[in-house]
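For the sequence shown, counting from 1, position 42 maps to 42 in UniProt numbering; every step adds exactly one.
We put the CB at the ideal spot given by N, CA and C, even for glycine.
The structure appears below as structure tokens.
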Amino acid sequence: PASFAQARIWLDERIRFDPDKPQVAIYNMPFVYRLQPDHTLSITQLHHALHLTVNKHLSLHTSLHFDTQKNLLMQRVITHENKNNNNMFSIIETTYETDEQLNGILHDEIRNPHLFDHAQGLVFRCHLVYYKSISSNHLLSHKDVVIFNFHHALFDFPSMNIFLHDLNQAYTTAQLLYDDNTNLR
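See the structure below:
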């Protein structure tokens with residue numbers, strides 16, 4: 001079964017909004033990052049690090065569905081057998097030229113109710129926002145923005161430190177240690 005907190009968030013979304021026509025998301029948790037000047041970030045390494053990190057943390061590929069026979073909200077870990085690894089989370093690439101366009105992208109990450117799919121276990125996404133054009137050299141620079149967005153039913157604010165620690169380790173070493181003491185719960 002799902003935890004009490006997961007059930008509360010799941011139920012709250014259904015009570016406040018028509019599930020078929022949600023107006024606005026209230027449980028999207030975007031974290032926005034920009035590189036320092038003269039720094040770059042390899043998109044290839046980031047993709048690999050994200051795959052390692054999502055694979056380690058079961059909550060980042062867990063589905064929530066209501067079991068009508070048990071009358072309980074259930075959670076199920078989505079595995080490679082259930083899905084192609086590329087579909088365990090999404091990576092989106094867009095561009096912006098003005099601050100207004102960037103603000104529109106950020107607003108969409110906060111308020112768009114269609115970014116996640118609990119039933120499919122899609123509860124995390126990475127949005128790469130390039131300044132003016134998508135990089136041909138596969139590097140992010142200081143004017144580009146990285147948005148990590150999570151659904152709050154399966155992620156909370158203290159989890160971000162663990163996520164960033166593991167993402168950094170996976171990015172710099174191309175591997176990730178599996179330790180029950182550092183897993184998201």
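Practice problem: Please list, in chain order, all residues of the same chain as M74 whose beta carbon is under 8 Å from its beta carbon, the five residues on each side excluded. | Solution: Start at 1 with the first residue of the sequence shown, and residue 74 comes out as number 74. Closer than 8 Å at the Cβ level, and outside the excluded window around M74, lie P1, A2, L64, H65, F66, D67.
Exercise. Can you give me the start and stop residues for the alpha helix (DSSP H) that Y171 sits inside?
Key: On the sequence shown, residue 171 is found 171 positions in, with the first residue counted as 1. That run of the alpha helix (DSSP H) goes 159 to 173.
Quiz item: When DSSP labels each residue in this structure, what does E93 get in the three-state scheme?
Solution: Looking up residue 93 in the sequence shown gives position 93. Residue state, collapsed to three classes: strand.
Quiz item: Looking at V129 and Y171, is the spacing between their C-beta atoms short of 8 Å?
Solution: Position 171 of the sequence shown holds residue 171. Position 129 of the sequence shown holds residue 129. Contact: no.
Quiz prompt | Check whether I91 and C126 have beta carbons under 8 Å apart | solution = Here residue 91 refers to the residue found at position 91 of the sequence shown. Here residue 126 refers to the residue found at position 126 of the sequence shown. Against a cut-off of 8 Å, the Cβ pair of C126 and I91 comes out as a contact.
Quiz item: What runs of the beta strand (DSSP E), each 3 residues or longer, lie entirely inside the segment 35 to 81?
Solution: 62 to 67, 72 to 77
Self-check item: Cβ-Cβ separation, H152 to M29 (assumed contact under 8 Å), whole Å
Solution: Along the sequence shown, read from residue 1 onward, the residue named residue 29 stands at position 29. Along the sequence shown, read from residue 1 onward, the residue named residue 152 stands at position 152. Yes, M29 and H152 are in contact; Cβ-Cβ is about 5 Å, under 8 Å.
Quiz item: Nearest to P113 by alpha carbon, out of R14, V24, I15?
Solution: Translated into the one-based positions of the sequence shown, residue 113 becomes position 113. It is V24.
Quiz item: What did DSSP end up calling I9 once you bin it into helix, strand or coil?
Solution: Start at 1 with the first residue of the sequence shown, and residue 9 comes out as number 9. In the structure shown, I9 sits in a helix (DSSP, three-state: H, G or I).
Quiz item: Would you say V123 and F148 are within 8 Å of each other, going by their C-beta atoms?
Solution: Translated into the one-based positions of the sequence shown, residue 123 becomes position 123. Translated into the one-based positions of the sequence shown, residue 148 becomes position 148. Contact flag unset, no.
Quiz item: Cα-Cα, which of L139, D12, V145 is closest to D99?
Solution: Taking the first residue of the sequence shown as position 1, residue 99 is located at position 99. Out of L139, D12, V145, V145 has the C-alpha closest to the C-alpha of D99.
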